[in-house]
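Student:
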Amino acid sequence: MAPDRRAYAADGGAQMKHYTDRVLVTGGAGFIGSHLCERLMADGSDVICLDNLFTGAKANIGHLLGEPNFEFIRHDVTEPLRLEVDRIFNLACPASPVHYKHDPVQTVKTSVHGAINMLDLARRCGARILQASTSEVYGDPLSHPQKEDDWGNVNPVGPRACYDEGKRCAETLFFDYHRQHGVDIRVVRIFNTYGPRMHPSDGRVVSNFIVQALLGRPLTLAGDGSQTRSFCYVDDLVDGLLAYMALDDAPPGPVNLGNPDETTIAALAEAVVSLSGSGSETVLVPLETDDPSRRRPDISRAADLLGWTPATGLADGLGATIDWFRELLRTIPEHRIDVARP
Ligand code: NAD
Ligand code: UDP
Numbered sequence: 596m597a598p599d600r601r602a603y604a605a606d607g608g609a610q611m612k613h614y615t616d617r618v619l620v621t622g623g624a625g626f627i628g629s630h631l632c633e634r635l636m637a638d639g640s641d642v643i644c645l646d647n648l649f650t651g652a653k654a655n656i657g658h659l660l661g662e663p664n665f666e667f668i669r670h671d672v673t674e675p676l677r678l679e680v681d682r683i684f685n686l687a688c689p690a691s692p693v694h695y696k697h698d699p700v701q702t703v704k705t706s707v708h709g710a711i712n713m714l715d716l717a718r719r720c721g722a723r724i725l726q727a728s729t730s731e732v733y734g735d736p737l738s739h740p741q742k743e744d745d746w747g748n749v750n751p752v753g754p755r756a757c758y759d760e761g762k763r764c765a766e767t768l769f770f771d772y773h774r775q776h777g778v779d780i781r782v783v784r785i786f787n788t789y790g791p792r793m794h795p796s797d798g799r800v801v802s803n804f805i806v807q808a809l810l811g812r813p814l815t816l817a818g819d820g821s822q823t824r825s826f827c828y829v830d831d832l833v834d835g836l837l838a839y840m841a842l843d844d845a846p847p848g849p850v851n852l853g854n855p856d857e858t859t860i861a862a863l864a865e866a867v868v869s870l871s872g873s874g875s876e877t878v879l880v881p882l883e884t885d886d887p888s889r890r891r892p893d894i895s896r897a898a899d900l901l902g903w904t905p906a907t908g909l910a911d912g913l914g915a916t917i918d919w920f921r922e923l924l925r926t927i928p929e930h931r932i933d934v935a936r937p
């Protein structure tokens, strides 16, 4: 919850004194970024949300606009900018395979040029900076569960490479700015995260299955559904991001953040159908090139360093997400809803 504006007005602006921490969230109008902005504001930070609205939406931050400790800047991270900030969460990047494959060159630029621009900003301001990296750096993993010392098994020339290799290069840049210029960095590798405010046409599996189930359409199950993922509820993820950023003298990472509860995609489809009370069937669709066969984080590093473990089980998290989508779909004419297929 954002601070109460009436309280702000009544105390003549004295509340502004609490907003000592100036935090930049790139990708702040996206799914995870909007939850992060909200939590930072509730914790008393002065939040600058930067986004080019490629996959994000003003609706995600509509309730924050006008708050005294919130600003929105429409900007592309591939362009430099000058700001004075204390902390930076660098989340700007399309995360859904459908979106990052749409303009792969721009995806690479967003990760690489975006990282350079934000690291230069951090260096100039002496700001601490966190990079939202991804489990995709492990590619189709050779180890299971994935630990941070797994160097990854990524196809550098495949259709997912714009995202995977872009994020890997961003990690390299973070560590080089740290070693070469002493920038205070934090690198987190986020595993599949879901929750309210995913875009209904986002194309990721949780939002696709929920929208399809709620509309009584067949769930598009890729391959035979035996591939696995481990799904983390967004509130848990944000707890982990905040805990790591708050830790002084922390190691640079990388640190896995995700829920180690692994499930097949077929089992996810069944859970969504059952929890939403839908009568939908599943329909098999081809598996995309380089779709990883399994994914589960080893989160012992995050547990040791931050005392962090996710608290939300899949059924509870899916329940909350289904409720949110049910409300959203009431506001959109059905013929205008088309999930992006894998
Ligand atoms: P999202 O697509 O909802 O959010 C990304 C945001 O970045 C959007 O608001 C988009 O408009 C913005 N953006 C994209 N390119 C930009 C650019 N060039 N300049 C400025 N803004 C730009 O996705 P999300 O799930 O909220 O992901 C947020 C971050 O977390 C991403 O960096 C993603 O790679 C990472 N991540 C997410 C997951 C997940 O499961 N959600 C998993 C691993 C990593
Ligand atoms: N998937 C699916 N149906 C969909 C969308 C995705 O079966 O409508 C599968 C996809 O092939 C992958 C898994 O679900 O095996 C997770 O896909 P998502 O795009 O959510 O994330 P990522 O592949 O990046 O982990």
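If you're matching positions, the sequence shown starts at 596 in this note's numbering and goes up one per residue. Glycine included, C-beta positions come from ideal geometry on N, C-alpha and C. Values in this document were obtained by computation on a predicted structure and should not be read as measured data.
Taking DSSP as the reference, what is the three-state secondary structure of Ile785?
Tutor: By 1-based counting over the sequence shown, the position of residue 785 is 190. If DSSP states are grouped into helix, strand and coil, Ile785 belongs with the strands.
Student: What distance in whole Å lies between the Cβ atoms of Arg890 and Arg824, which are believed to be in contact at a cut-off of 8 Å?
Tutor: Residue numbering aside, residue 824 sits at position 229 when the sequence shown is read from its first letter. Residue numbering aside, residue 890 sits at position 295 when the sequence shown is read from its first letter. Sure, about 5 Å apart at Cβ, within 8 Å.
Student: Please report how far the alpha carbon of His708 lies from the alpha carbon of Gln775, in whole angstroms.
Tutor: Mapped onto the sequence shown, residue 708 falls at position 113. Mapped onto the sequence shown, residue 775 falls at position 180. Answer to the nearest angstrom: the Cα atoms are 18 Å apart.
Student: Restricting to Cα atoms, I'd like to know which of Gln741, Met636, Leu678, Tyr758 is closest to Pro1011.
Tutor: Beyond the ends of the chain as shown, which are 596 and 937, falls residue 1011; an answer cannot be given.
Student: To the nearest whole angstrom, what separates the beta carbons of Ile668 and Val829, a pair I think is in contact under 8 Å?
Tutor: Locating residue 668 in the sequence shown gives position 73, counting from the first residue. Locating residue 829 in the sequence shown gives position 234, counting from the first residue. Incorrect: roughly 23 Å between the Cβ atoms, too far for contact.
Student: Can you check which of these residues, Leu659, Asn750, Val752, Glu731, is closest to Glu743 by C-alpha distance?
Tutor: Taking the sequence shown and counting its residues from 1, one reaches residue 743 at position 148. It is Glu731.
Student: Between the Cα of Leu863 and the Cα atoms of Thr815, Trp903, Leu836, which residue gives the shortest distance?
Tutor: As a first step, residue 863 is located in the sequence shown; it is residue number 268 there, counting from the start. If we check each option's Cα against that of Leu863, Thr815 comes out closest.
Student: Within the continuous alpha helix (DSSP H) that includes Ala897, where are the two ends?
Tutor: Position 302 of the sequence shown holds residue 897. Segment 895-901, the alpha helix (DSSP H) holding Ala897.
Student: With a threshold of 16 other CB atoms inside 10 Å of the CB of Arg617, please say whether the residue is buried or exposed.
Tutor: Taking the first residue of the sequence shown as 1, we reach residue 617 at position 22. Looking at its Cβ environment, which holds 16 or more other Cβ atoms inside 10 Å, Arg617 is buried.
Student: CA-CA distance, Ala845 and Thr926?
Tutor: Mapped onto the sequence shown, residue 845 falls at position 250. Mapped onto the sequence shown, residue 926 falls at position 331. Near 44 Å, if we compare the C-alpha coordinates of Thr926 and Ala845.
Student: Using a Cβ-based criterion (distance less than 6 Å to any ligand heavy atom), does Ile780 qualify as near the ligand NAD?
Tutor: As a position in the sequence shown, residue 780 is number 185, starting the count at 1. No, since every heavy atom of the ligand NAD falls outside the 6 Å radius drawn around the Cβ of Ile780.
Student: Candidates Ile780, Ala906, Ala910: which alpha carbon is nearest Val850's?
Tutor: Counting from 1 along the sequence shown, the entry for residue 850 is found at position 255. Of the listed residues, the one whose Cα sits closest to Val850 is Ile780.
Student: Of all the options Leu714, Asp831, Thr650, which has the alpha carbon lying nearest to the alpha carbon of Leu768?
Tutor: On the sequence shown, position 173 is the one that residue 768 refers to. Minimum Cα distance to Leu768 is reached at Leu714.
Student: Distance, Cα to Cα, Gly734 vs Val749?
Tutor: As a position in the sequence shown, residue 734 is number 139, starting the count at 1. As a position in the sequence shown, residue 749 is number 154, starting the count at 1. Distance between the alpha carbons of Gly734 and Val749 is about 4 Å.
Student: Determine the DSSP secondary structure at Glu883, reduced to helix, strand or coil.
Tutor: To locate residue 883, count along the sequence shown from 1; it is residue 288. DSSP places Glu883 in coil when its eight states are reduced to three.
Student: Cβ of Glu662 within 7 Å of Cβ of Ile643?
Tutor: Along the sequence shown, read from residue 1 onward, the residue named residue 662 stands at position 67. Along the sequence shown, read from residue 1 onward, the residue named residue 643 stands at position 48. No.
Student: Using the C-alpha atoms, what's the distance from Thr859 back to Leu678?
Tutor: In the sequence shown, residue 678 corresponds to position 83, counting from 1. In the sequence shown, residue 859 corresponds to position 264, counting from 1. Between Leu678 and Thr859, the C-alpha separation is close to 44 Å.
Student: Sorted by chain position, which residues of the same chain lie with C-beta nearer than 7 Å to Met703's C-beta, five sequence neighbours on each side aside?
Tutor: Position 108 of the sequence shown, counted from the start, is the residue given in the question as residue 703. It is worth fixing the name first, because residue 703 is Val in this sequence and not Met. If we look at Val703 and ignore the five residues flanking it on each side, its Cβ neighbours are Cys757, Gly761.
Student: Is Ile627 helix, strand or coil by DSSP?
Tutor: For this step, residue 627 is matched to residue 32 along the sequence shown. Helix at Ile627.
Student: Mind checking which residues open and close the beta strand (DSSP E) that includes Val850?
Tutor: As a first step, residue 850 is located in the sequence shown; it is residue number 255 there, counting from the start. 850-852 is the extent of the beta strand (DSSP E) around Val850.
Student: Does the beta-carbon distance from Ile724 to Ile683 come in below 7 Å?
Tutor: Counting from 1 along the sequence shown, the entry for residue 724 is found at position 129. Counting from 1 along the sequence shown, the entry for residue 683 is found at position 88. Against a cut-off of 7 Å, the Cβ pair of Ile683 and Ile724 comes out as a contact.
Student: Cβ of Leu809 within 6 Å of any heavy atom in the ligand UDP?
Tutor: The residue given as residue 809 occupies position 214 in the sequence shown. No, the ligand UDP has no heavy atom inside 6 Å of this Cβ.
Student: Which residues does DSSP pair with Asn748 in a beta bridge?
Tutor: Along the sequence shown, read from residue 1 onward, the residue named residue 748 stands at position 153. For Asn748, which the question treats as bridged, DSSP gives the partners Gly734.
Student: For Leu924, I'd like the list of residues in its chain whose CB is within less than 8 Å of its CB, leaving aside the five on either flank, ordered along the chain.
Tutor: By 1-based counting over the sequence shown, the position of residue 924 is 329. Only Pro795, Val806, Leu809, Leu810, Ile932 meet the Cβ criterion.
Student: Is the beta carbon of His739 sitting closer than 7 Å to the one on Pro847?
Tutor: As a first step, residue 739 is located in the sequence shown; it is residue number 144 there, counting from the start. As a first step, residue 847 is located in the sequence shown; it is residue number 252 there, counting from the start. Taking 7 Å as the Cβ cut-off, His739 and Pro847 do not qualify as a contacting pair.
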